[in-house]
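Note sheet for the following structure.
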Amino acid sequence: MATATQESTTSALGERQTRLEDDALLRGLGQYADDLATTPGTLQAAVLRSPHAHARLVALDAGEALAMPGVHAVLTGADVQRWAAPLPVGVRQPMEHWCLAVDRVRYVGEPVAVVVADSRYLAEDALDAIRADYEVLDAVVATEAAVAGDAPVLHEAVGSNVVNDRSFSYGEPDRAFREAARHVSLKIDYPRNSCTPIECYVVVARYDPADGGYDVAANFQGPFALHSVMARALKVSGAGLRLRTPPDSGGSFGIKQGVLSYVVLMALAARKAGAPVKWVEDRLEHLQAASSATNRVTTIEAAVAEDGRIQGLRYDQLDDCGAYLRAPEPATFYRMHGTLTGAYAVRNLAVRNRVVLTNKTPSGLNRGFGGPQVYFALERLVQHVAVELGLDPLTVILRNLIPADAFPYRAPAGSLLDSGNYHAAVELARTGGGLQELEERRAAARAAGRYYGIGFAAVVEPSISNMGYITTAMTPEERRRAGPKNGAVSTATLTVDPLGSVSVQIASVPQGQGHRTAAAQVVADVLGVPREAVSVHVALDTGKDAWSIASGNYSSRFAGAVAGAVHKAATRARDRLARIAAAQMGADPGDLVFADGRIHDRNDPARSLSFHRAAGAVHWSPGLLPEDEPGGLRETAFWSPPELAAPDDDDRINSSLCYGFVFDYCGVDIDPVTGRVTLDRYVTTHDAGRLLNPDLVDGQIRGGFAQAVGAALYEELAYGDDGSFRSGTLADYLIPTAAEVPEPVILHQETPSPFTPLGAKGVGEGNNMSTPVCIANAVADALGQRDIRLPLTPSRVREMIGITESEPPAAHAAPSIEAPAGGSTLRATGVVELEADADTVYHAMLDPGVLSRIIPGCHALEQDGDNAYRADVTVGVGLIKARFEARVSLTDLDPPHALRLNGAGSSAVGTAEGGAAVRLSPREGGGTQLAYDYQAAVTGKVASVGARMLQGASRVVVDQIFARLRQEVDGPGASAGDRAWGRRFRAWLLRLLGRGGAP
Amino acid sequence: MKRLDAGRSHPVTFRLNGRERTGHAEPRLLLSDFLRHDMGLTGTHVGCEHGVCGACTVLIDGHACRACLTLAVQVDGRDVETVENLAEDGVLNDLQQAFRRHHALQCGFCTAGILMSCTDFLARNPRPREADVRDMLTGHLCRCTGYTGIVRAIVEVAEQRSGSTTEENEHV
Ligand code: FES
Ligand code: FES
Numbered sequence: 000m001a002t003a004t005q006e007s008t009t010s011a012l013g014e015r016q017t018r019l020e021d022d023a024l025l026r027g028l029g030q031y032a033d034d035l036a037t038t039p040g041t042l043q044a045a046v047l048r049s050p051h052a053h054a055r056l057v058a059l060d061a062g063e064a065l066a067m068p069g070v071h072a073v074l075t076g077a078d079v080q081r082w083a084a085p086l087p088v089g090v091r092q093p094m095e096h097w098c099l100a101v102d103r104v105r106y107v108g109e110p111v112a113v114v115v116a117d118s119r120y121l122a123e124d125a126l127d128a129i130r131a132d133y134e135v136l137d138a139v140v141a142t143e144a145a146v147a148g149d150a151p152v153l154h155e156a157v158g159s160n161v162v163n164d165r166s167f168s169y170g171e172p173d174r175a176f177r178e179a180a181r182h183v184s185l186k187i188d189y190p191r192n193s194c195t196p197i198e199c200y201v202v203v204a205r206y207d208p209a210d211g212g213y214d215v216a217a218n219f220q221g222p223f224a225l226h227s228v229m230a231r232a233l234k235v236s237g238a239g240l241r242l243r244t245p246p247d248s249g250g251s252f253g254i255k256q257g258v259l260s261y262v263v264l265m266a267l268a269a270r271k272a273g274a275p276v277k278w279v280e281d282r283l284e285h286l287q288a289a290s291s292a293t294n295r296v297t298t299i300e301a302a303v304a305e306d307g308r309i310q311g312l313r314y315d316q317l318d319d320c321g322a323y324l325r326a327p328e329p330a331t332f333y334r335m336h337g338t339l340t341g342a343y344a345v346r347n348l349a350v351r352n353r354v355v356l357t358n359k360t361p362s363g364l365n366r367g368f369g370g371p372q373v374y375f376a377l378e379r380l381v382q383h384v385a386v387e388l389g390l391d392p393l394t395v396i397l398r399n400l401i402p403a404d405a406f407p408y409r410a411p412a413g414s415l416l417d418s419g420n421y422h423a424a425v426e427l428a429r430t431g432g433g434l435q436e437l438e439e440r441r442a443a444a445r446a447a448g449r450y451y452g453i454g455f456a457a458v459v460e461p462s463i464s465n466m467g468y469i470t471t472a473m474t475p476e477e478r479r480r481a482g483p484k485n486g487a488v489s490t491a492t493l494t495v496d497p498l499g500s501v502s503v504q505i506a507s508v509p510q511g512q513g514h515r516t517a518a519a520q521v522v523a524d525v526l527g528v529p530r531e532a533v534s535v536h537v538a539l540d541t542g543k544d545a546w547s548i549a550s551g552n553y554s555s556r557f558a559g560a561v562a563g564a565v566h567k568a569a570t571r572a573r574d575r576l577a578r579i580a581a582a583q584m585g586a587d588p589g590d591l592v593f594a595d596g597r598i599h600d601r602n603d604p605a606r607s608l609s610f611h612r613a614a615g616a617v618h619w620s621p622g623l624l625p626e627d628e629p630g631g632l633r634e635t636a637f638w639s640p641p642e643l644a645a646p647d648d649d650d651r652i653n654s655s656l657c658y659g660f661v662f663d664y665c666g667v668d669i670d671p672v673t674g675r676v677t678l679d680r681y682v683t684t685h686d687a688g689r690l691l692n693p694d695l696v697d698g699q700i701r702g703g704f705a706q707a708v709g710a711a712l713y714e715e716l717a718y719g720d721d722g723s724f725r726s727g728t729l730a731d732y733l734i735p736t737a738a739e740v741p742e743p744v745i746l747h748q749e750t751p752s753p754f755t756p757l758g759a760k761g762v763g764e765g766n767n768m769s770t771p772v773c774i775a776n777a778v779a780d781a782l783g784q785r786d787i788r789l790p791l792t793p794s795r796v797r798e799m800i801g802i803t804e805s806e807p808p809a810a811h812a813a814p815s816i817e818a819p820a821g822g823s824t825l826r827a828t829g830v831v832e833l834e835a836d837a838d839t840v841y842h843a844m845l846d847p848g849v850l851s852r853i854i855p856g857c858h859a860l861e862q863d864g865d866n867a868y869r870a871d872v873t874v875g876v877g878l879i880k881a882r883f884e885a886r887v888s889l890t891d892l893d894p895p896h897a898l899r900l901n902g903a904g905s906s907a908v909g910t911a912e913g914g915a916a917v918r919l920s921p922r923e924g925g926g927t928q929l930a931y932d933y934q935a936a937v938t939g940k941v942a943s944v945g946a947r948m949l950q951g952a953s954r955v956v957v958d959q960i961f962a963r964l965r966q967e968v969d970g971p972g973a974s975a976g977d978r979a980w981g982r983r984f985r986a987w988l989l990r991l992l993g994r995g996g997a998p
Numbered sequence: 000m001k002r003l004d005a006g007r008s009h010p011v012t013f014r015l016n017g018r019e020r021t022g023h024a025e026p027r028l029l030l031s032d033f034l035r036h037d038m039g040l041t042g043t044h045v046g047c048e049h050g051v052c053g054a055c056t057v058l059i060d061g062h063a064c065r066a067c068l069t070l071a072v073q074v075d076g077r078d079v080e081t082v083e084n085l086a087e088d089g090v091l092n093d094l095q096q097a098f099r100r101h102h103a104l105q106c107g108f109c110t111a112g113i114l115m116s117c118t119d120f121l122a123r124n125p126r127p128r129e130a131d132v133r134d135m136l137t138g139h140l141c142r143c144t145g146y147t148g149i150v151r152a153i154v155e156v157a158e159q160r161s162g163s164t165t166e167e168n169e170h171v
């Protein structure tokens, strides 16, 4: 068959162009998941979540909630057990992960019930009316503690919190370590963080009782291998779950993979309600229960020669996947497995990977997936090798980099590094980024007594994941039984309609990366039509569109794989059109050139045919087409690279198709007083093969860099020792703003990939891998420290410098009390001056009538024993208001000098427990001084809104108790303080909420 | 002070993007929900509902405000402007065009709020320095762009509108 020429005169590829997406988005006309039209009668859902990190769910009573106005249904674990199955898990272990807790909760925020109502407001009202009784169990939060023999076990049938344990050996690591001159090791604790898109999860689900199928729209990002997981959990065939994604997405960065369990949950809620159901996740739900990068504890060791050459590496890694192993975990390990030796020519490697479960939110995809954890260990180690050997870190890097003539290079664990010239990239960075100048600045800063450091990081950035890498978690024997998995099928469909318009459907589910623009450029380039004449559709419908398990937006697969499939589909269409046009023009198809919306004969410039005329022929006059030409014009191309083989019997896995290179360095200046880390300059050098659109590439680099600055300096999904979640608002989980993100110096080198159709590699994730450790290395250099833990917040850095926080002055001789165990602990002391004498005050406090009046929000107080009461109390903290069933007691009575006021309560949003030691002493000249020392611990949603808020709120509540007591004993004239309290509370709330906006 | 019955809907009559509109809202209904669900203007986005991300920013009587911290009933009798009103005669305004030129958006979810804050900011600060622009932007979270394009776009529009290039407002 003849092929048309590759030439076209208006090559759009590689040029800087604006995006097709932007016009609608700038007008506010984007179609995000929450903007899609819904069927009339669509109801709204709200999710009841566990306030406990680990508890048995003893009883659930939704009766009162169901009786509330506008409430249609409440979905519970019993319904889920009836209609669904647990979500399939990627390792062979007897553990069940239901989309809704069935008899046990294992992390704070785990869904327990779903209320379906006319509006979200009504649904949330009804959440408070559901009674869930829990029997609290010991929680395990720290990763290493979970491995210990006496740790509480999350999944009893498994018998251990280690649910997968694999060891690997490549080359001769034992010998390398035996023979090496030096061993250098480090222990690393990589924290939990998330790239947190600004748009949260959205699901709109429908159940069709006629065919038993579900139709769900969700801002799911893929990989669509997880469609099978969802369908199996719903107990339907693939066709029984029609999953659709919206045209626009408010960002994902991997995180929207985690919506998969809510797709199942809302599908079942719709079935229960007998109506379409919509759920829009709020920010607290998102931060506490959506997803997270795994946190990882790594012990890494290098066998090194005196010149800094690394002869062997050992990794002992514990990946903390949270309470359940949600698919595709434990992929965080295996995405990077073939690449564990990074950019270095190290041949001997030993690895032990243990997957650990703890009482935290299940982990999942997060931009850089697995890379930040691996490189934090590896690149910290390389820096530390330099320190130990008294060498310059760059010297150690250069001595170990894979040489340019070794590509394609097979790494010991199996990655086939496709192309690169690492030494040249480092040289480009050194000269282009001004390393020497930074070194001079460091010298000058240090001479002036300041903390200044330079850090480096060299990373290999994998892209286009091998769908088979996850099976490396299984033994070769288990893999043989399960059947091999490999490859990564990408797909695109190109259609030309009767008027000659070209449209393309891609299954890449973009999350803001401009895939429509890039795909249109590829097609315009091949067909010689203006880019604007190509419409690109990205909303995916598994019921109608071409897709496969690798579809979706992850592992930076667009430029390398999806654009390749688009190119292939467009090329096929062009070849067909060339034959058709050649017949009409009496020319040879090989001589035809597609350009300017026309098809030209290169031998006779006068002869040409318009594109739409040739294209129209396939619809309007199929009878006149050349033989074998069927008419109509729609080409679906699938493309899977042969290099992506299944893991071999020696556990070698080519985990990705392409491997870009990133080399970064930076200078940091550390404020010796505040501990604030300032990036003086950040240089990042990328080799991502051929650049399809340099602007889009730089945009990806800047975005990833900003997120990585957050991971390095500010962001952590924090937990209390009891598993309470501490980062429930964006004022607690600190995302860097324009004031914190400097402009990086971006440098490019292009070494095309031999394995992708266009020579491009992925580029979106490199800085998420390189930047956190690069900054950490700079801080290590500045402070001469070995143990660096992220995020490098000012207080952590101050601690490293050796500045200890001074104790707050002990203002009053307040009595001290024992802290209640666990939770978010709050403490306050204070003094109240009273007119009444100690006896009066003391007896007032023992009087239930007074007690009920001084406890804020107390509706009812019922005697329950000697100085013990049951109370019904409503407390508001910030935007959360909750009704507590409380027990109040007075103990340690020492009339009229001292007593202890205790309270403990539980509510739909968590528990609270605390006590105040109260001491009364006579004042000079009459009256009484009341001193109190108050401690409390809270769990659940109340804890998640942050200690920052709670400290203020608890203070307000406690102040109020004693202000009211004064009113009781001294009379209404003393109420000024009470009014002041109201003002203070309001001022505090406004301060809290008043972060920013245009001034 | 006017008191509204919490359990009932109340009429809210206001100017929305230059036209008088009336809707009904319970006192607790957020302005962000009211604009999106009742007025059908989904260009205003919701990213946190606690005043930090800035995605929901709209103009109320010309001032940039968080729609998620405003009750719908509070805009009764006021003038509200949203991102849908920025284009003039169907053509993107200078700020929108600059955002497009400078790749100031990727997913676009934060964009509407930033455009509205900028509209207010530039009206009051015709010649901002880059540091002022970054300072104003601290009221907004963007997870995609790293802010570079946003800053460049705003600085450029400020220059164009004031017809001058001062040394401080050189591009970043
Ligand atoms: S939604 Fe209003 S500030 Fe985030
Ligand atoms: S463009 Fe996605 S959050 Fe700003």
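Top line first, the protein sequences correspond to chains F and L.
Heads up, the first sequence is in numbering that gives the first Met the number 0, so the first residue is 0 and it goes up one at a time.
Heads up, the second sequence is in numbering that gives the first Met the number 0, so the first residue is 0 and it goes up one at a time.
The beta-carbon is built from N, C-alpha and C at its ideal position, and this holds for glycine as well.
The structure displayed is predicted, hence computed values, not measured ones.
Close beta carbons around residue 171(F), own chain, < 6 Å, minus the five adjacent residues each side: For residue 171(F), same chain residues with a beta-carbon under 6 Å away, outside a window of 5 residues either side, are 347 in chain order.
Residues near residue 299(F) by beta carbon distance below 6 Å, same chain, minus five either side: Contacts found: 185, 314, 376 and 380.
Reduced DSSP secondary structure (H/G/I, E/B, other) of residue 276(F): strand
For residue 619(F), three-class secondary structure by DSSP: helix
Cβ-based burial, residue 1011(F) [other Cβ within 10 Å; buried from 16]: Look at the range of chain F in this structure, 0 to 998, and you will see that residue 1011(F) is not part of it.
Any heavy atom of ligand 1 within less than 6 Å of residue CB: hits in chain order: Ordered by chain, the residues meeting the criterion of a beta-carbon within less than 6 Å of a non-hydrogen atom of ligand 1 are 45(L), 46(L), 47(L), 48(L), 50(L), 51(L), 52(L), 53(L), 54(L), 55(L), 65(L) and 67(L).
Chain L contacts made by the region 195 to 215 of chain F, where a contact means CB separation under 9 Å: 195, 196, 197, 198 and 199
Contact set between residue 715(F) and chain L, taken where Cβ atoms lie within less than 9 Å: Neighbours of residue 715(F) on chain L: none; closest Cβ ~16 Å, over 9 Å.
Same chain only: Cβ atoms within 8 Å of residue 263(F), ignoring 5 sequence neighbours per side: These residues qualify, in order along the chain: 83, 86, 98, 229, 232 and 233.
Nearest to residue 177(F) (by Cα), restricted to the options 919(F), 304(F) and 852(F): The shortest C-alpha separation from residue 177(F) is found at 304(F).
Which of helix, strand or coil DSSP assigns to residue 408(F): strand
Neighbour list for residue 70(L) in chain F, Cβ cutoff strictly below 9 Å: Correct list: empty, because the minimum Cβ distance to chain F is about 12 Å.
Residue span of the alpha helix (DSSP H) that contains residue 116(L), given as start and end: For residue 116(L), the enclosing alpha helix (DSSP H) starts and ends at 110 to 123.
Check: residue 197(F) C-beta below 7 Å from any heavy atom of ligand 2: yes
Assumed close pair residue 56(F), residue 105(F) - CB separation to whole angstroms, cut-off 8 Å: Not confirmed; about 10 Å, so no contact.
Inside the region 685 to 766 of chain F only - alpha helix (DSSP H) runs reaching at least 4 residues: 693 to 712
Residues that DSSP places opposite residue 491(F) in a beta bridge: 505(F) and 636(F)
Cβ of residue 48(L) within 8 Å of any chain F Cβ: Among the residues facing chain F, residue 48(L) is included, as its CB has a counterpart in that chain under 8 Å away.
Cβ distance (whole Å) where residue 152(F) is taken to contact residue 722(F) below 8 Å: Actually they do not touch by this definition, with Cβ atoms about 14 Å apart.
Where residue 76(F) falls: helix, strand or coil (DSSP): helix
Beta carbon proximity, residue 764(F) to chain L, threshold 8 Å: With 8 Å as the cut-off, residue 764(F) does not count as an interface residue toward chain L.
Interfacial residues, the region 720 to 749 of chain F to chain L, with Cβ spacing under 9 Å: So the list reads 728, 729, 730, 734, 735, 736, 737, 738, 739, 740, 742 and 743, given in the order they occur along the chain.
For residue 829(F) and residue 913(F), the rounded distance between their alpha carbons: 16 Å
Beta-carbon spacing of residue 78(F), residue 277(F) below 8 Å: Cβ atoms of residue 78(F) and residue 277(F): not closer than 8 Å.
Amino acids of chain F, ordered along the chain, whose beta-carbon sits closer than 9 Å to that of residue 108(L): 24, 29, 31, 196, 197, 198, 247, 248, 249, 250 and 511
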